[in-house]
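Below: one structure, written as structure tokens.
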Amino acid sequence: MGGATQREGGRLHLDACHATLFGSFQLNLATNGEVTISNKRARAVLAMLCIEPHTPLDRSYLSKILWPGRFDAHAKASLRQCLLELGKLQSPCGANLVLITRNAVALNSEVLRTDLDELEACLTDGDYAAGVERLATIAARPVLDQMEFGEAFTEWLSRARIDCERRLRVAVETALAALEAQDDTEKHALLLASWSVRDPDARPIAAPIVSDRKTRIAVLPFKSLGSAEGADYFADGMVDELITTLGQVPQLLVAGRTSSFHFRDNASPPRQIARALGVSHLIEGSVQRQGEQVRIHVHLIAGDTGFELWGQRFDGTLDNVFALQEKVAQAITTAISGALDIAMRAPVVAGMTHSKEAYDLFLQGRALNARLFGDGVLTRAAELLDQAVTLDPHFAEAWVLLADVRQRMCIYIAGTNQTEASAAIADCVRKALAIKPDLGQAYGLLALHEITRNNIVGSLDMAYKGYAVEPNNPAVAVRLGNLLLFCGLTSQGMRYLDEAIEQDPADGRHYMVRSAGQLNLGKIDAAIADAQRCVDLGFPSLRLGVAYAAAGNHDLAVDCYQQTRLMLNNTVPPPSGVAPMSPEMMDAYWLVAAKGVCSGRSEDRETYCRTLDFLHATMVEKEHLAITAPAVFMGYADLLFKTIGTRLTLQNLACLMSIWADIDPIRQIWQHPEFIPFAQRIGMADAWDKYGWPDLLPPPSNRV
């Protein structure tokens, strides 16, 4: 494949050193061919750096992952020998390939490029002929083939392969979209044919030229006809399953449930809804249930014109409800295929349960869980789902939903025993995974439980596994993004948050999390925009005030922060041991809080800090979110270390995503001399060893 390529002034030129990631790892010189690296672990170190070229790898982590089971001293000595051998490559390559410090190793990415870099560069620069040639060269070869050093390395390699395939897919799909826009059918067909060798789902089935761009659709809430009051849950359940089932079709990107249901009973014209959701087609319909009989009407609407492209009626019974759902989903897929002249694989609906009663209870519980707020809503949802799994203990989806409901109860119901609840959630999830091991949401919930055990490494492992088995679920993607933000790995986490928002653009909670990420990256205007979008979609966002304060607009910041009380005080009960405040006391408290966080005046901050000290001394739940969240926003590190540093719970762990903002006074937390011991105590430092050093902290040492 020749020498590696590198950008310079928008052009490409040849580098001296080039690495092959696809297939067996090789290091090559443009002039002398392959460079022999006899030590296979030295070759593995270089390969790991090539996969993560901009992330220094901790030497302790490398020694553990490549020499599992050895004593630390022996493993570290072996790593030193490997690094010495890599240092010998300086002469043939003309410069240091690796940059070595006392505690970390990094790749000199200015000297060494990979075949993945080259392929991305060709496609980005429009050199499609070279891109086709390189795709043909890598064919279906796996990344870093035949590299095995034990279980820990295998786990790392699994994640690395996912990231590489994703990079490659994005580059190819972007190039295919550009060629389609240029109406260059010949190059489009050649590139698609080369890509289909690696991704068989991209291969044309019937049409000679098939666009690999995904068609974006949304399934809007179906109307419930002739049902008893409150029976909308059955129609909603049909829509939920359609969203899930159509999401199996490789050529479709289906808007998430929250975004679709945001438009329930919305009088906006179809064109406006399609534009708001970023989709080209809408699915509308109705469900009529009379006794055991079910009738469904479905319509496919063109998002650009609002005209109906297709419609059909389906009849069935509750005995064959899953077969009925599959029939509807396959008919919709066929209709879209015909409308767009795209061949699509028919989706399959896997039956959840053989019990009609359990399924009905599941649908009711899911509808209540989606409502989230309201007296007794979550408690009633848990009761219904407990009944469902009692009727059918093998109902995996019901176990996962029960775990999700209990997770929300931990956050929104005062007095919940956090430790017992987290253990119960983990028990539900493990039962579900024993039945169906491919439920991404289940791994995400188990990840939360692991955090409460100060096992943040295990938590991220679970979240990555969930994403690997269910990458198109926005809830799974946002969970992984959340956890990466918790550890200060904001740059890594934002890609998953962007994915979730792309697929579910009307879920305010996604914007809430991404606004925290924007603050961490120092993008104040973007943080304000995301926080405002969160509020516009009906969710409280304390970060809107924090972001305005960071922008220097303190009066507006105080007002925005204080306005949050209008939702929080009506939806979240007071902490255990705290009596409800009168409206007058509530207003006074929120004014103190808003000024303490957002006014920028030291005296206001001091007043609120003393208030939080009082709450910490008197409340039963000393680690409650009412204490930990403002402690973060005010940079009150000592109080944060005494609360979250003592006990992480499902209710307070969301605070972690906000400790990494590089703004005053929040930066006082991660700049505090006790921050590293705090991070070690809660298991965060272990996550850095495995997943990379935080964006805002320098490597542990610059000494060689």
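In my numbering, each residue carries its 1-based index in the sequence shown increased by 1447.
Cβ coordinates follow ideal geometry from the N, Cα and C atoms, glycine included.
Under the three-state reduction of DSSP output, residue 2119 falls in the coil class, being neither helix nor strand.
Shortest Cα-Cα distance from residue 1644 to any of 1740, 1631 and 1588 involves 1588. By the Cβ rule, the segment 1853 to 1860 does not count as touching the segment 1882 to 1891, because fewer than three pairs are nearer than 8 Å. DSSP places residue 1957 within a helical segment (H, G or I) once states are collapsed to three.
In terms of Cβ geometry, residue 1761 and residue 1743 form a close pair [threshold 8 Å]. Linking residue 1601 to residue 1595 through their CA atoms gives a straight-line distance of about 7 Å. Here residue 1464 is not near residue 1582, since their CB atoms are 8 Å or more apart. Short of 6 Å from the beta carbon of residue 1553, and not among the five residues preceding or following it, lie these beta carbons of its own chain, in chain order: 1503 and 1546. For residue 1733, DSSP records a beta bridge to 1670 and 1744. Listed in chain order, the alpha helix (DSSP H) runs fully inside the segment 1981 to 2007 are 1989 to 1997, counting runs of at least 4 residues. Ranked by how close their Cα comes to the Cα of residue 1549, the residues 2032, 1570, 1535 and 1523 have 1523 in first place. For residue 1764, the enclosing beta strand (DSSP E) stretches over residues 1755 to 1764. When DSSP reads this structure, residue 1473 sits in a beta bridge with 1467. Uninterrupted alpha helix (DSSP H) stretches at least 4 residues long and entirely within the segment 2071 to 2139 occur at 2072 to 2080, 2084 to 2090, 2114 to 2117, 2122 to 2128 and 2131 to 2138, given in chain order. Check the Cα spacing between residue 1667 and each of 1695, 1637, 1710 and 1948: the tightest is with 1710. Fewer than three beta-carbon pairs drawn from the segment 1973 to 1983 and the segment 1720 to 1729 are found closer than 8 Å, and the two stretches are therefore not classed as touching. With 16 or more other Cβ atoms inside 10 Å of its own Cβ, residue 1468 counts as buried. Residue 2045 places its beta carbon 8 Å or farther from that of residue 2082.
According to the DSSP assignment, residue 1561 belongs to the beta strand (DSSP E) that extends over 1559 to 1561. When only Cα atoms are considered, residue 2127 and residue 2133 end up about 7 Å apart. The Cβ atoms of residue 1931 and residue 1894 do not sit closer than 8 Å to each other. Shown here, residue 1663 sits in a strand according to DSSP, grouped into three states. At a Cβ-Cβ threshold of 8 Å, residue 1687 and residue 1792 do not count as neighbours.
Around the beta carbon of residue 1672, fewer than 16 other beta carbons lie within 10 angstroms, which makes this residue exposed. Below 8 Å, enough C-beta pairs join the segment 2090 to 2097 and the segment 1895 to 1911 to call them touching: three or more.
For residue 1954 against residue 1706, the beta-carbon gap comes to about 6 Å, under 8 Å, which counts as contact. A distance below 8 Å separates the beta carbons of residue 2008 and residue 2041. The beta carbon of residue 2054 is closer than 8 Å to those of 2039, 2042 and 2043 in its chain, skipping five residues each way along the sequence. With fewer than 16 other beta carbons inside 10 angstroms of its own, residue 1535 counts as exposed. Its chain contains 1937, 2107 and 2108 as the residues whose beta carbon lies nearer than 6 Å to that of residue 1967, once the 5 sequence neighbours on both sides are disregarded; these appear in chain order. Here residue 1783 is actually not in contact with residue 1632; their C-beta atoms are around 21 Å apart, not less than 8 Å.
Between residue 1845 and residue 1836, the C-beta spacing is below 8 Å. Of the residues assessed, residue 2131 falls on the buried side of the cut-off, its CB having 16 or more other CB atoms within 10 angstroms.
DSSP places residue 1551 inside the beta strand (DSSP E), whose first and last residues are 1551 to 1554. Judged by DSSP in its simplified three-state form, residue 1694 adopts coil rather than helix or strand. Residue 1484 and residue 1471 have their alpha carbons spaced roughly 13 Å apart.
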